[in-house]
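Visitor: UniProt numbering puts the sequence shown at residues 1 to 349.
For each residue, glycine too, the CB sits at the ideal point set by N, CA and C.
Everything numeric in this text was worked out from a predicted model, so none of it was measured.
Sharing a structure here in structure tokens format.
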Amino acid sequence: MNPYVLTILLSSLGLGTVLTFASSHWLLAWMGLEINTLAIIPIMARQHHPRAIEATTKYFLTQATAAAMILFASTTNAWLVGEWEIHQLSHPLATTTAMLALALKLGLAPVHFWLPEVLQGIELTTGLILSTWQKLAPFALMIQVAPTINSSLLITLGLLSTLVGGWGGLNQTQLRKILAYSSIAHLGWMVLILQFAPSLTLLSLLLYIIMTSSAFLALKTNNSLTINTLATSWTKAPALAALTTLVLLSLGGLPPLSGFMPKWLILQELTKQGLPLSATLAAMAALLSLYFYLRLCYAMALTIYPNTLTATAPWRLNFTHLTLPLSIVTILALGLLPLTPAVTAMLTL
């Protein structure tokens, strides 16, 4: 792709998200989401491969449907209540429709079916943008809308997403699909606590972005797309293979890694809010996710693959990638747990 065109598309991607962040009017927020969607579509389709084109088409159709639902919800609210402000979304029909539209934009269960298929069809760098940056604008709207939404709807969406995210990833061999189900499970945790502690949702989102960035960049450096190619990655870069296993365990939420912090604080908050059953179900669903992360770690660190793969020179590593971003996000994905007391102090301010 022409670098000038890529620069324009990435700038539009940033502009769309910032526009949604800055808006208090539904039409402006919708416009930001549309700019965002239209900017990423050429980036997704730049491979000129049938799978990439298929994934791009699926993504466009789901995002267009979600945007139409958001427009419908805001228009309905303006018609029934007379308000276009995002904070003034008060009619039950409008709030429920807007929530489901944002769930479709993010890929929450039960409207998650597009996410694994789309991620599987695109390359890892674009998948990283889709799993991190593209979640920000819908989340900004969801946090603003959350106080007016029925809490049982949010808890149901959250628990369903954590269960589907854990269950769906069990039988996968493609790493991009596994990371898609991981994304669904993490988003479920964030939505679960959204109404009770929005600051915890933001903390979870930040840590999710750090850990997912680290996982995607490590897989890109290793040039791994399936569990089989992951099993030979220790021959390319043993240190990176060891760190990637730790990043995957951090995504699973094991102490003493960074990923344990949001799960711990969310379970604590759910118990404080008198929802021990939801907390127990979420913790059990996290075990499902942990199983497939452990499966990846086992393939990566505890097995020697029996035959040579038809992959690109598994014993050499092409150091054309930028390793500084990978180093930074990996350090953050592994070592932030000791900051938990400082984070809880900031959350209670």
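#1: At the 9 angstroms Cβ level, is residue 212 part of the contact set with chain B, yes or no?
#2: Under 8 angstroms, with one C-beta from each stretch per pair, do the stretch 253 to 260 and the stretch 235 to 245 reach the 3-pair mark?
#3: If residue 20 and residue 140 are in contact, beta carbons under 8 angstroms, what's the gap, nearest whole angstrom?
#4: Out of curiosity, what's the CA-to-CA distance linking residue 64 and residue 16?
#5: For residue 54, collect the residues of the same chain with a Cβ closer than 7 angstroms to its Cβ; drop the 5 residues on either side in sequence, then sort them by chain order.
#6: Opposite residue 226 in the DSSP bridges: which residues?
#7: For residue 74, which residues of its own chain have a beta-carbon under 8 angstroms away from its beta-carbon, when the five flanking residues on both sides are left out?
#8: Which value, in whole angstroms, describes the spacing of the CA atoms of residue 261 and residue 336?
#9: Can you have a look at residue 4 and say buried or exposed, based on whether 16 or more other CB atoms are within 10 angstroms of its CB?
#10: Give me the Cα-Cα distance between residue 300 and residue 211, rounded to the nearest whole angstrom.
#11: What number of angstroms, rounded off, separates the C-alpha of residue 79 from the C-alpha of residue 125?
#12: Could you tell me if residue 82 is buried or exposed, where buried requires 16 or more neighbouring beta carbons within 10 angstroms of its beta carbon?
#13: Taking the DSSP output, what are the residues bridged to residue 85?
#14: What residue range does the alpha helix (DSSP H) around residue 111 cover?
#15: For residue 224, which of 179, 96 and 277 has the nearest alpha-carbon?
#16: Between the stretch 203 to 218 and the stretch 270 to 277, are three or more C-beta pairs nearer than 8 angstroms?
#17: Distance, Cα to Cα, residue 115 vs residue 123?
#18: With C-beta atoms as the reference, is residue 40 less than 9 angstroms away from residue 61?
Guide: For this structure:
#1: Within the model displayed, chain B is absent; a lone protein chain is all it includes.
#2: no
#3: With a contact defined as Cβ atoms closer than 8 angstroms, residue 20 and residue 140 qualify at about 6 angstroms.
#4: Taking the straight line from one Cα to the other gives about 15 angstroms.
#5: 121
#6: Within the DSSP secondary-structure output, residue 226 pairs in a beta bridge with 174.
#7: 26, 27, 30, 84, 89, 94 and 98
#8: 8 angstroms
#9: exposed
#10: Linking residue 300 to residue 211 through their CA atoms gives a straight-line distance of about 18 angstroms.
#11: 42 angstroms
#12: exposed
#13: 25
#14: Segment: none, residue 111 is in no alpha helix (DSSP H) and carries neither H nor E.
#15: Of the candidates 179, 96 and 277, the one whose C-alpha sits nearest the C-alpha of residue 224 is 179.
#16: no
#17: 14 angstroms
#18: no
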